[in-house]
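A.B. asks: Have a look at the structure that comes next, please.
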Amino acid sequence: MTGDRPLGFVLLEMMLLVLMGPLVTGIIQKMKARLQCRQGAGILQPYRDLAKLLMKSHVQADTASGFFRSIPVLVLAATVAAGALVPVVRVGPPAFPLGDALMLLGLLALARFLTAVGALDAGGAFGGMGASREMTIAPLVEPVLMMVVFSAAIAAGTTELGALAAHRGTSWFLAWRAADFLGFAAMLLLLPAETGRIPVDNPDTHLELTMLHEGMLLEHS
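Laid out in structure tokens, this is it:
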């Protein structure tokens, strides 16, 4: 048992989080293609691309250190751990005893920081440019995200994610306070920056000078 949830349930949730990621990307790409009056690739294309990339040999810049190869694993671990903290199904508290909103924010910030470190470690010009741009936007995004979380935590009297979800589940939409609507609007404004979408970033660009998040991943691709 992990908390009040079976360990197998937690592991299943983490596995689904990893396996469903490419599917979400495929659905987004398919919708964008249809909106542009194109046929587009199938929604399973990201899985094929991932399988093709896994079969390729590892190529690393001469200027990169040994820490460079561990960056993708650490970023994946931080992201999956952050996903495990979020109570998807109400069957008990989050996966870990310390699983609260502060740890969730810390893990997401850690993944962003490690990605930037990996881009700088490679020593490439475009990776450093992308890391610099990402770290310029991060101080603008993270405080707003923390304010939204703290606003909900103050209303619930706790930062524990299970209690926060239970408290919001008992609050009807018409019972929201002004702070709740402001926090909801702030989260909508943060979504393009957190997910790397237009107008903050364009994940489909092929111009290195306009890359933000994708620029940090060039040395890993």
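This note's numbering applies: residue 3 is where the sequence shown begins, and numbers increase by one. All C-beta atoms in this analysis are idealised placements derived from N, C-alpha and C, irrespective of residue type, glycine included.
In chain order, what residues of the same chain have a beta carbon less than 8 Å from the beta carbon of G125, not counting five sequence neighbours either side?
C.D. replies: A63, T65, A66
A.B. asks: Terminal residues of the continuous alpha helix (DSSP H) containing A103?
C.D. replies: 103–124
A.B. asks: In terms of residue numbering, what span does the alpha helix (DSSP H) encompassing G28 cover?
C.D. replies: 9–37
A.B. asks: Any idea which residues DSSP pairs E162 with across the strands?
C.D. replies: D102, per the DSSP bridge assignment.
A.B. asks: What residue from P48, D203, L147 has the CA that sits closest to F186's CA?
C.D. replies: L147
A.B. asks: If you run the structure through DSSP and keep just helix, strand and coil, what is G68?
C.D. replies: Reduced to three states, the DSSP call for G68 is helix.
A.B. asks: Can you give me the Cβ contacts of M189 inside the same chain, cut-off strictly under 7 Å, excluding the 5 residues immediately before and after it?
C.D. replies: V150
A.B. asks: State buried or exposed for M213, treating a residue as buried only when at least 16 other CB atoms are found within 10 Å of its CB.
C.D. replies: buried
A.B. asks: Ignore the nearest five residues each way along the sequence and tell me which others in V77's own chain have a CB closer than 6 Å to its CB.
C.D. replies: Closer than 6 Å at the Cβ level, and outside the excluded window around V77, lie A113, L116, T117.
A.B. asks: Judging by CA-CA distance, which residue of M105, A83, V202 is the nearest neighbour of V143?
C.D. replies: The option with the nearest alpha carbon to V143 is V202.
A.B. asks: Just reading off the alpha helix (DSSP H) that Q47 is part of, what are its end residues?
C.D. replies: For Q47, the uninterrupted alpha helix (DSSP H) run begins and ends at 47–56, by DSSP.
A.B. asks: Once you ignore the five residues that flank S153 on each side, which residues in its own chain have a CB closer than 6 Å to its CB?
C.D. replies: A181, G185
A.B. asks: Taking Cβ to Cβ, would you say A121 is nearer than 7 Å to G108?
C.D. replies: no
A.B. asks: Within 8 Å, do at least three Cβ pairs link the stretch 41–50 to the stretch 78–86?
C.D. replies: no
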